[in-house]
Amino acid sequence: MVKNFGLLLGLFVLLFGSHATSTHATAGNESNFLEASLRYFDEQLLYDILPRASCPGDDETSPMDEFSDLFTVEQLRQGWVVLHVFAAVYFFILLAIICNDYFLPTVECICEDLHLSKDVAAATFMATATSMPEFFTNTISTLILESDMGLGTIIGSLMFNTLGVAGLAALSIDKEWGMERLVRAQQVVELRPYNIESWSVMLREAHSRPIHEVRSLYESLVSVFPTTARYWKLYIEMEMRSRYYERVEKLFQRCLVKILNIDLWKLYLTYVKDTKSGLSTHKEKMAQAYDFALEKIGMDLHSFSIWQDYIYFLRGVEAVGNYAENQKITAVRRVYQKAVVTPIVGIEHLWKDYISFEQNINPIISEKMSLERSKDYMNARRVAKELEYHTKGLNRNLPAVPPTLTKEEVKQVELWKRFITYEKSNPLRTEDTALVTRRVMFATEQCLLVLTHHPAVWHQASQFLDTSARVLSEKGDVQAAKIFADECANILERSINGVLNRNALLYFAYADFEEGRLKYEKVHSMYNKLIMHPDIDPTLVYVQYMQFARRAEGIKSARGIFKKAREDVRCRYHIFVAAALMEYYCSKDKEIAFRIFELGLKRFGGSPDYVMCYIDYLSHLNEDNNTRVLFERVLSSGGLSPHKSVEVWNRFLEFEANIGDLSSIVKVERRRSAVFENLKEYEGKETAQLVDRYKFLDLFPCTPTELKSIGYAEIGGIILNKVGGVQNQNNGDAEGDSEATAPLPRPDFRQMIPYKPRPCAHPGSHPLAGGVFPQPPALASLCAGLPPPNSFRGPFVSVELLFDIFMRLNLPDSAPLPNGDNELSPKIFDLAKSVHWIVDTSTYTGVQHSVTAIPPRRRRLLPGGDDSDDDLHPSAPPAHDIYRLRQLKRFAKSN
């Protein structure tokens, strides 16, 4: 209302000034004298600068004649010139109000309707607006008045501002960065959704576009990084900038409670403060927002500003009457007393303000209040200092990505573990188990914002809550124990419904937790949910599901799950082994286990691993005949290829060597050799195959060197440095033992280059993974003096053509001899031969020289800055050295 009244007043002054100008067309004598003086000055200036220019005559009009001053010179001298200054300031403020309240909203509406970005509007509408005052003035001067104020120049300026700025901006666009790199970033994100650099490229592009064009991009961003507060904050700020407040509130509902980030909560309070200020219930809304924020984020180490703003807000509320004043004092005191016992950075300032607040209210009881709270305050201040140390280096705004095991990630994981371990140690030394648990879970929730892809964090959080629930249950607090147990289940539920929805470990831990609470139906639903997931191997899930069913409901229920697993084509042979062993160990029925193994053999007879499991089972039963029959069936059925049958043949030979006679052993060896003849790696190694007959566990009939010489290490799959127990029964020489125990040669790991790849390596860097290799010192000094690669604009030499020219050159076989014809003086060669070249190899570390190393000696620096060579050629002592003369005299007296 005030601004509109100011606009009307400004227009009235403008109209009144125009009317006054028309009524004061003529001036007094002093005004005419001033105009004549100014006109004479213009003529002289024009004559001095342009001597051939024609000076305006007296009959020609000037803009000064059209717009004469309202006041005479005498009036201006008496102080009326202040009105000119006031009018200039007034119209400047008036123009600012018009631009802020009318022009800018109009441009925003035009941009939204025409789908233009703000940069385009700034280069067109804003550029035009800057020239409109001059354009309007010169248009009036040309069409109405008789004087000419240079309309062509102003129109040229207007056209340049409108078209020139946009044209120059278009010419300076980097197409590589604006288009091709953006497309490349989108392609990378489609293949690798957690590529942070590609997302950053797209976010930079999206920041300059309207929100309705990039809303889908932000939705994809927060779906890939649902716990990253920085990305949610960017998304909400874009919506707030476009004033889509309904969408802003929906976004806050989606992320605010789940993400305990101090910056995001500050943005929420700012939003409530800015958007609810016009409501009649503004104060109640703000108080509720502050209470809600402090309840969720008040334990944060950096929440000082929220506590302080809330206190200032409460102290600024007007209270009418004694009752309202007492209510206000109680509310402020309650917030102060909570703040001064919470470990936060800046708690000292809150304590000083609290003491001052109590003294202003009642100096008598202020001392009592301070004494009651001083102990808790000192404890909180100590913990705040320790928390600053334990949280130093934590990056709370890192995007949550799957584990990459980089050095930076490992460091962050260790820092978070240290922070959570510190909170578990009860640094406040309180007996309130609920408070300790809430502080630990608050730190864990903040950790999960960054390490949500790490299952260990989820499992440790659930274990801590389960332990806290058991402790409270033992103390008799059943209600609190139930709350923490439900919170433990909630943590595990969140873990399997989030980004780790395919992690079987968390499913199994959750199932065991619910099994302990006798909620079998929920356990069944969890196992079925994981089995129905299309992108996993359900074999282990079925195995654990069968074991749960046997424990909870009996062997009959487990058999039903085994039947369901057999019908699933994704299952592997492990389900048959697990079912057979479960029948053997639990129901004590060997026949059922035998039938299950036979059933699995029909389906997985070509798998050597399954065959070996079946053989182990029969060997455990000590059924020699059935085991031998199984070997014959498997090896003669043709289901195993020669390569896959190697392990089975070796096991068959071992079986016969343990329980068979010599003829059966030789027979199996011959059959195995016949199969191995078709394998290239066993060709010509009959002696190596003989080793398998006589070996036992890690005992071999040859030394490691002999095993290697006959090729057994290549076909047997053994590692020589593990054969420390090899003993040669026939020749136990010490040489073989020394070779067996000698360590393998290893490279010098100190010379290895750390793996630090560059994300955007410039042309010329090393193309392989591992970064850039260090350059030699001479080359490094040369490269340091060269300009950067991006400053080279050409010409670009074709290396292939250059080497073709070198190849076509006909060089002489011998060097030209120095003579007078080829302008080579013999003195030059003689001088080169006489020079004693000294090569400085001190900068090349790790190089061994055959000559005796001479320790370098310091060179004495002269006052002029030059080095002295006295250390190379030491000179004789001076003849009149006083110190030496005294020493000689003392030596003569002593003798």
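Mapping of the sequence shown onto mature numbering (1 follows the signal peptide of the UniProt record, and there is no 0): residues -20 to -1, 1 to 875, in sequence order.
Every residue gets a Cβ at the ideal spot worked out from N, C-alpha and C, and that includes glycine.
None of the values given here were measured: they were computed from a predicted structure.
Checklist entry - Contact check, I309 vs I341 under 8 angstroms by CB: the rounded distance? => result 6 angstroms
Next on the checklist: Taking the alpha carbon of V591 as the reference point, which residue from Y564, V300, N630 and V655 has its own alpha carbon closest?
Outcome noted: N630
Checklist entry - Distance, Cα to Cα, S354 vs E368? => result 21 angstroms
Checklist entry - Exposed or buried, D849, counting other C-beta atoms within 10 Å across all chains shown (16 or more means buried)? => result A caution first: D849 carries a pLDDT of 45, below 50, which makes its placement in the model unreliable, though a value can still be read off. D849 should be labelled exposed.
Item to check | Whole-angstrom distance between M421 and R451, CA atom to CA atom | outcome: Rather than Arg, the amino acid found at residue 451 in this sequence is Val. Rounded to whole angstroms, V451 to M421 spans 16 angstroms at the Cα level.
Next on the checklist: For the pair the segment 356 to 365 and the segment 322 to 333, tell me if three or more CB-CB distances fall below 8 angstroms.
Outcome noted: yes
Next on the checklist: Just to confirm the assignment, what range does the alpha helix (DSSP H) spanning C79 have?
Outcome noted: That residue, C79, is in no alpha helix (DSSP H); it is neither H nor E in DSSP.
Item to check | DSSP-derived helix/strand/coil call for F783 | outcome: helix
Item to check | Residue range of the alpha helix (DSSP H) that includes R353 | outcome: P343 to H370
Checklist entry - Cα separation between Y225 and A461? => result 41 angstroms
Checklist entry - Of all the options Q268, I476, Y334 and A360, which has the alpha carbon lying nearest to the alpha carbon of M349? => result Y334
Item to check | Three-way DSSP call (helix, strand, coil) for F232 in this model | outcome: helix
Checklist entry - In terms of residues, what are the limits of the alpha helix (DSSP H) holding G540? => result I535 to E547
Next on the checklist: Based on DSSP bridge pairs, tell me the residues matched to R676.
Outcome noted: First, the amino acid is wrong: residue 676 is Phe here, not Arg. Looking at the DSSP assignment, F676 forms a beta bridge with L679.
Checklist entry - I think L351 touches L374, with their Cβ atoms under 8 angstroms apart; what is that distance to the nearest whole Å? => result Their Cβ separation, rounded to whole angstroms, is 36 angstroms, which puts L351 and L374 out of contact at 8 angstroms.
Item to check | Beta carbon of A267 nearer than 8 angstroms to that of Y248 | outcome: no
Checklist entry - Going by other Cβ atoms of all chains shown within 10 Å of its Cβ, with 16 needed for buried, is I639 buried or exposed? => result exposed
Checklist entry - What does a CB cutoff of less than 6 angstroms around A423 pick up in its chain, not counting 5 residues either side in sequence? => result F399, I400 and E403
Checklist entry - Could you give the C-beta distance for V181 and R195, rounded to a whole number, given that I count them as a contact under 8 angstroms? => result Not confirmed; about 18 angstroms, so no contact.
Checklist entry - Would F577 be called buried (16 or more neighbouring beta carbons within 10 Å of its own) or exposed? => result buried
Checklist entry - Comparing alpha-carbon positions, which option in V523, R497 and R651 lies nearest I541? => result V523
Item to check | As assigned by DSSP and simplified to three states, the class of V591 | outcome: helix
Next on the checklist: Between H433 and L480, how many whole angstroms is the CB-CB distance? I'm expecting something under 8 angstroms.
Outcome noted: 7 angstroms
Item to check | Boundaries of the alpha helix (DSSP H) in which P435 is found, first to last residue | outcome: P435 to K455
Next on the checklist: Please give the ranges of any alpha helix (DSSP H) in the segment 552 to 583, keeping only runs that are unbroken, at least 4 residues long and fully inside the region.
Outcome noted: 554 to 565
Checklist entry - Is the number of C-beta pairs between the segment 235 to 245 and the segment 510 to 519 that are closer than 8 angstroms three or more? => result no
Checklist entry - Comparing alpha-carbon positions, which option in G478, S336, E185 and S200 lies nearest P173? => result S200
Next on the checklist: I'd like to check one pair, P588 with E636: are the Cβ atoms closer than 8 angstroms?
Outcome noted: no
Checklist entry - Exposed or buried, which one is R539 when buried takes at least 16 other CB atoms within 10 Å? => result buried
Item to check | Cβ-based neighbour list, K570, same chain, cut-off 8 angstroms, excluding 5 preceding and 5 following | outcome: Y564 and L601
Next on the checklist: Tell me the DSSP secondary structure of K238 in three-state form.
Outcome noted: coil
Next on the checklist: Contact between the segment 645 to 658 and the segment 669 to 687 is defined here as three or more beta-carbon pairs at a separation below 8 angstroms; is this criterion met?
Outcome noted: yes
Checklist entry - Considering L259, what are the terminal residues of the alpha helix (DSSP H) in which it resides? => result Looking at the DSSP string, L259 is not in any alpha helix (DSSP H), and its letter there is neither H nor E.
Next on the checklist: Can you tell me whether N605 is helix, strand or coil according to DSSP?
Outcome noted: helix
Item to check | DSSP state of M506 mapped onto helix, strand, coil | outcome: helix
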